[in-house]
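Reading the sequence shown from the start, the letters are residues 22 to 234 in the numbering used here.
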Amino acid sequence: MSMSNFSQFWVQLLMNPKKFFAKNLQEDKINYLNFATIVFCLGYGIDRLEKQLVKFELRGTLDTYEFINTWLGFWLIALVGGAIGGYILYLIGGWFYNLRVKWSLGEGNLKKSRILYLYSNFYISAVIILITLLETVINPIPYDPYAEMHIIEIISIPIILFFLFHSIYISYSGLTVTTEVNKGRAIVWFIVLPILFYTVAYSTLFYILINYI
């Protein structure tokens, strides 16, 4: 696996997911799958821990968990929690993905569904990791509710939202290229409902944060 092939592999997933899935679900790509799994699990661990720190602050217990709010503690817990919780999410998420395939009148294939689920979430997970790495350099602690927002934190919001919704496009592209489904049902289960879910979830989160601030 050369660096050139490695970069081309992931660029194609981002830019041309239909071509990517038409080619790469038919070949043995275990090294890429392992890398995607690591990225997915770590991204999950970071995301969950960031939300947990916000919950601690809202409950007034942030100082009680001082070690978690250091970069050493944050990364250690994100790694361990992501390895466990992220892998469980991969199993459950892939199972539910396969269920949606069946609801779209497609032939269920749990292994393929988990691969589609994993790859479709690769970029949003990678972006979360990269942003957190930058914040590690810029911010003295992972979460400071009284600190002013840096430019990277402001820019990260639209970037995360873009890749979040782009993951829906990647998922639908992979599904329709690799599986015979009813297009109408697939649009509902893989485009309409995910968009509604993310819109409601993040609108609620922003509303809570704005009112808290």
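All C-beta atoms, glycine included, are put in the ideal place defined by N, C-alpha and C.
| Check | Outcome |
| --- | --- |
| Within 10 angstroms of its Cβ, does residue 115 collect 16 or more other Cβ (buried), or is it exposed? | buried |
| At the level of alpha carbons, what is the spacing between residue 74 and residue 40? | 40 Å |
| Could you give the DSSP three-state label for residue 144: helix, strand or coil? | helix |
| Going along the chain, which residues of its own chain have a beta-carbon closer than 6 Å to the beta-carbon of residue 86, five neighbours each way excluded? | 77 |
| Just the C-alpha distance for residue 200 and residue 210, rounded to the nearest angstrom, thanks. | 14 Å |
| Using the Cα positions of residue 101 and residue 67, report the straight-line distance between them to the nearest angstrom. | 10 Å |
| What span of residues does the alpha helix (DSSP H) with residue 31 cover, start to end? | 24-36 |
| What's the gap between the Cα of residue 192 and the Cα of residue 225? | 24 Å |
| Do you know how far the Cα of residue 180 is from the Cα of residue 149? | 10 Å |
| For residue 25, does the count of other Cβ atoms within 10 angstroms reach 16, so buried, or fall short, so exposed? | exposed |
| According to DSSP, simplified to helix, strand and coil, what is residue 201? | coil |
| Rounded to whole angstroms, what's the CA-CA distance from residue 145 to residue 155? Just pull it up for me. | 16 Å |
| Use the C-beta contact count for residue 166: other C-beta atoms within 10 angstroms, 16 or more gives buried, fewer gives exposed. | exposed |
| Is the CB-CB distance between residue 223 and residue 186 below 8 Å? | no |
| So, under 8 Å CB-CB, residue 106 and residue 69 are touching, yes? Tell me the CB distance rounded to an integer number of Å. | 6 Å |
| Cα-Cα, which of 152, 183 and 227 is closest to residue 63? | 152 |
| Which parts of the region 106-154 are runs of the alpha helix (DSSP H), unbroken and 4 residues or longer, counting only runs that do not cross its ends? | 108-124 and 131-141 |
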